[in-house]
Amino acid sequence: MALNKLAIDKLNLQNQRLLMRVDFNVPLKDGKITNNQRIVAAMDTVKYAIEKGAKSVVLMSHLGRPDGSPNPKYSMKPVQAELEKLLKKTVIFLPDCVGPEVEKACANPAPGSIILLENLRFHLEEEGKGKDATGNKAKATPEEVQEFRQSLRRLGDLYINDAFGTAHRAHSSMMGEGFSQRAAGFLLKKELQYFAKALDNPEKPFLAILGGAKVADKIQLIENLLDKVNEMIIGGGMAYTFLKESSGMEIGASLFDKEGAKIVNKLLDKAQAKGVQIHLPVDFIIADGFSENANSSCSTIKQGIPEGWLGLDIGAQSICQFRAPIKRAKVIVWNGPAGVFEWDKFAAGTKAIMDEVVQATQRGAITIIGGGDTATCAAKWNTENLVSHVSTGGGASLELLEGKVLPGVAALSDNK
Numbered sequence: 001m002a003l004n005k006l007a008i009d010k011l012n013l014q015n016q017r018l019l020m021r022v023d024f025n026v027p028l029k030d031g032k033i034t035n036n037q038r039i040v041a042a043m044d045t046v047k048y049a050i051e052k053g054a055k056s057v058v059l060m061s062h063l064g065r066p067d068g069s070p071n072p073k074y075s076m077k078p079v080q081a082e083l084e085k086l087l088k089k090t091v092i093f094l095p096d097c098v099g100p101e102v103e104k105a106c107a108n109p110a111p112g113s114i115i116l117l118e119n120l121r122f123h124l125e126e127e128g129k130g131k132d133a134t135g136n137k138a139k140a141t142p143e144e145v146q147e148f149r150q151s152l153r154r155l156g157d158l159y160i161n162d163a164f165g166t167a168h169r170a171h172s173s174m175m176g177e178g179f180s181q182r183a184a185g186f187l188l189k190k191e192l193q194y195f196a197k198a199l200d201n202p203e204k205p206f207l208a209i210l211g212g213a214k215v216a217d218k219i220q221l222i223e224n225l226l227d228k229v230n231e232m233i234i235g236g237g238m239a240y241t242f243l244k245e246s247s248g249m250e251i252g253a254s255l256f257d258k259e260g261a262k263i264v265n266k267l268l269d270k271a272q273a274k275g276v277q278i279h280l281p282v283d284f285i286i287a288d289g290f291s292e293n294a295n296s297s298c299s300t301i302k303q304g305i306p307e308g309w310l311g312l313d314i315g316a317q318s319i320c321q322f323r324a325p326i327k328r329a330k331v332i333v334w335n336g337p338a339g340v341f342e343w344d345k346f347a348a349g350t351k352a353i354m355d356e357v358v359q360a361t362q363r364g365a366i367t368i369i370g371g372g373d374t375a376t377c378a379a380k381w382n383t384e385n386l387v388s389h390v391s392t393g394g395g396a397s398l399e400l401l402e403g404k405v406l407p408g409v410a411a412l413s414d415n416k
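Per the UniProt record's numbering, the sequence shown starts with residue 1, numbered consecutively.
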């Protein structure tokens, strides 16, 4: 899909009302925000808009899964105080996100106003479906969805989307329907710039490092990347399915994906036909149970994994063998850890790959870490600023790498 989209820095914002879709889906505990990272991430775009003379910035987001009806537990209200702290100015909070009262408040605000709307998902029309007051499944009619989108349209003159994490959802607030100019904020712009470097015309050699548990979940990802990459490292839980199918290795109680197993040889054949070198682990750190304190040992492909034991990380030889393709690569996309990195005993493989990817970045390679668990690894080892880009969207980055069209990106105006 085309990633060259109109961005906020190409627009004249002077005296314009901005309706901005952000991702403020932050974790809350007892009504307090426990991690403000997503709010901080949007600040560059918000501050830029005010500096460039925008009349107002109306911020809209979802939080949690209220399923289409108001629920105080998922109110955006706690975000107001956090925004005021970060921006050092008053933020107006509105108790709804559409309707006559909201439209009136956003029609002619004082210049430089920042307005935060209540949770978009308090309305069925945002996602199109949810649950009614009695907990039964409910659906919004096309007319209701249209009315909801028209009400959002009245809240601004220009539409800005800075919510990459929701870009794979065709939700009402992601479409910017009715706006003549729909632009990306700086967060979304950066995501698109980096993914374009990997997907549109990457420098070679291009390496994909894939991990995670199930082959079936990553089939489309592997299929799409085999058309683009020169080399691929496969680690994590899905490596055991590959090894059992391709070489008959005994994998003990390790993760085995029955559905994914059916397609392993087809994927390996495609790799061979495309001249893509596949690197699988050759040794493993194994444990006698899925526990942080389990007894652990080492094993190789030849030895196999004994019954009742399971592979939880890659071994020293595998780490050694994976270094060469990482050193060769000019572009690296990494999606999925090599082992159970949450437990220190089984984190060495993922940590070693991270160290190599950081060194590759220092040598000038473009290194992109997909969202989700791999982004958590980067946060755990403080390497977020030591690689080229850590994506903010797990599902969205995965779908982009799978070759899918992201509705929230497709809806943006093209960069002429």
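Yeah, the Cβ is synthetic: ideal placement off N, Cα and C, and Gly gets one too.
Please report how far the alpha carbon of residue i lies from the alpha carbon of residue j, in whole angstroms.
| i | j | result |
| --- | --- | --- |
| W309 | G212 | 19 angstroms |
| E402 | N295 | 38 angstroms |
| S254 | G394 | 25 angstroms |
| E147 | S172 | 10 angstroms |
| N71 | T34 | 19 angstroms |
| V22 | T392 | 12 angstroms |
| V387 | M232 | 19 angstroms |
| K104 | K73 | 26 angstroms |
| L116 | K330 | 42 angstroms |
| I50 | I222 | 43 angstroms |
| E177 | G364 | 40 angstroms |
| E82 | D414 | 33 angstroms |
| K302 | I369 | 32 angstroms |
| K416 | A7 | 11 angstroms |
| K345 | K89 | 46 angstroms |
| A196 | H389 | 12 angstroms |
| L63 | R149 | 19 angstroms |
| K77 | N12 | 30 angstroms |
| A107 | T350 | 51 angstroms |
| Q317 | A352 | 12 angstroms |
| P281 | G156 | 53 angstroms |
| R154 | V276 | 51 angstroms |
| G311 | L400 | 30 angstroms |
| M354 | P100 | 51 angstroms |
Is the separation between the beta-carbon of residue i and that of residue j shorter than 8 angstroms?
| i | j | result |
| --- | --- | --- |
| L207 | I332 | yes |
| W343 | I209 | no |
| P109 | K55 | yes |
| V145 | E125 | yes |
| D283 | G236 | no |
| F24 | V79 | yes |
| I285 | C298 | yes |
| N230 | K204 | yes |
| M238 | G304 | no |
| A261 | D313 | no |
| G165 | M20 | no |
| V264 | T241 | yes |
| M174 | A411 | yes |
| T45 | L187 | yes |
| I114 | V91 | yes |
Going by Cα to Cα distance, which pick from the options is closest to residue i?
| i | options | result |
| --- | --- | --- |
| L18 | A41, P78, A7, V57 | V57 |
| P66 | S75, N265, K258 | S75 |
| K327 | I301, G349, T361 | T361 |
| Q341 | E292, A107, I366 | Gln is not the amino acid found at residue 341; the sequence shown has Phe there. Taking only the C-alpha atoms, the option nearest F341 is E292. |
| Q16 | A271, Y159, L312 | Y159 |
| F256 | A271, V215, L268, K270 | V215 |
| K85 | M43, G99, S69 | M43 |
| E127 | F93, K139, S318 | K139 |
| G112 | K266, Q14, N4 | Q14 |
| E259 | K270, A271, I219, P281 | I219 |
| L398 | V409, L120, A163, G372 | G372 |
| S246 | V357, K32, D269, S180 | D269 |
Within 10 angstroms of its Cβ, does residue i collect 16 or more other Cβ (buried), or is it exposed?
| i | result |
| --- | --- |
| T141 | exposed |
| D30 | exposed |
| S379 | Per the sequence presented here, residue 379 reads as Ala, with Ser not at that position. Classification of A379: exposed, given that the 10 Å Cβ count is below 16. |
| R169 | buried |
| C320 | exposed |
| P337 | buried |
| T374 | buried |
| T134 | exposed |
| L167 | A small correction: the amino acid at residue 167 is Ala; Leu does not occupy that position in the sequence shown. Per the 10 Å Cβ criterion, buried. |
Identify the residues that DSSP records as bridge partners of residue i: which are they?
| i | result |
| --- | --- |
| M60 | R21 |
| C298 | I285 |
| Q277 | E231 |
| R65 | None, per the DSSP bridge assignment. |
| G311 | I286 |
| Y159 | L19, R182 |
| L226 | For L226, which the question treats as bridged, DSSP gives no partner whatsoever. |
| N385 | In the DSSP output, where bridge partners are listed per residue, N385 has none listed. |
| A7 | A184 |
| A138 | G130 |
| W334 | I209, I369 |
I want to see whether chain D comes within less than 8 angstroms of residue i, judged by CB atoms only; does it?
| i | result |
| --- | --- |
| L406 | Although the question refers to chain D, the structure presented lacks it and comprises just one protein chain. |
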